[in-house]
Amino acid sequence: MINFIENQVLAANPFEALGLEWQSIVLHLIALVILTVGLYLLLFKPVKRMVKERQEKIRKIEQENAELNAEVKQMKESGEVMLANAKKEAAVIHENAVKVANQKADDIVADARRQAKGMLDRTERELEEERGNLQADIEKQITDVSVAVARKILARDITPEDDKKLIEDSLARWSKENNE
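Terminal number for the sequence shown in full-length UniProt numbering: 180, no gaps in between.
See below:
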């Protein structure tokens with residue numbers, strides 16, 4: 001029976017069998033709640049805020065990184081475009097330089113041809129003058145020889161009219177012989 005009573009006592013207040021009183025359990029529970037709330041307010045909230053701030057910083061850094069990557073990509077593309085434009089511009093400048101050089105070369109050749117033609121024309125004129133002078137000298141010599149021959153043949157003086165006629169006849173014969 002003692003066992004029965006003990007079992008009933010244990011069943012009525014199981015904590016007493018362990019040496020615990022309900023007041024101390026309640027106090028411990030209240031202390032646990034206060035400790036939990038205190039730790040939450042003192043530790044969890046600041047840590048949570050710090051984690052949130054870090055997450056915000058990380059998000060900002062990621063955003064800045066994305067913006068910088070986009071800017072770098074854009075700069076790279078614009079650099080490539082500028083390089084392509086510079087290459088095109090260099091090709092145009094080279095082409096223009098070649099055209100200018102070819103034009104100058106053509107101008108120099110044309111000028112040299114003009115000078116050569118001028119020299120040829122001047123030389124031809126000088127030759128024609130010389131030929132004319134030589135022909136006049138030859139005609140004069142022929143005339144002089146003809147007059148001398150005629151004087152010897154005729155052994156007489158020739159009048160200027162006879163002289164003129166003999167000269168014209170001699171020149172006509174001489175011109176015919178040279179032209180044939």
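Each residue gets a CB set at the ideal place from its N, CA and C atoms; glycine is no exception.
Rounded to the nearest whole angstrom, the C-alpha separation of glycine 132 and leucine 120 is 18 Å. Residue Ala148 holds the alpha-carbon nearest to the alpha-carbon of leucine 166 among Leu39, Asn178, Ala148 and Lys176. In this structure isoleucine 142 is in contact with serine 170, their Cβ atoms being roughly 6 Å apart against a cut-off of 8 Å.
Serine 24 counts as exposed, since fewer than 16 other C-beta atoms from the protein chains shown sit within 10 angstroms of its C-beta. In the three-state DSSP reduction, glutamate 21 falls in the coil class, being neither helix nor strand. When DSSP states are grouped into helix, strand and coil, threonine 159 belongs to the coil group. Take the alpha-carbon of threonine 36 and the one of valine 26: they are about 15 Å apart.
Within a 10 Å sphere around the beta-carbon of serine 146 sit 16 or more other beta-carbons, which makes this residue buried.
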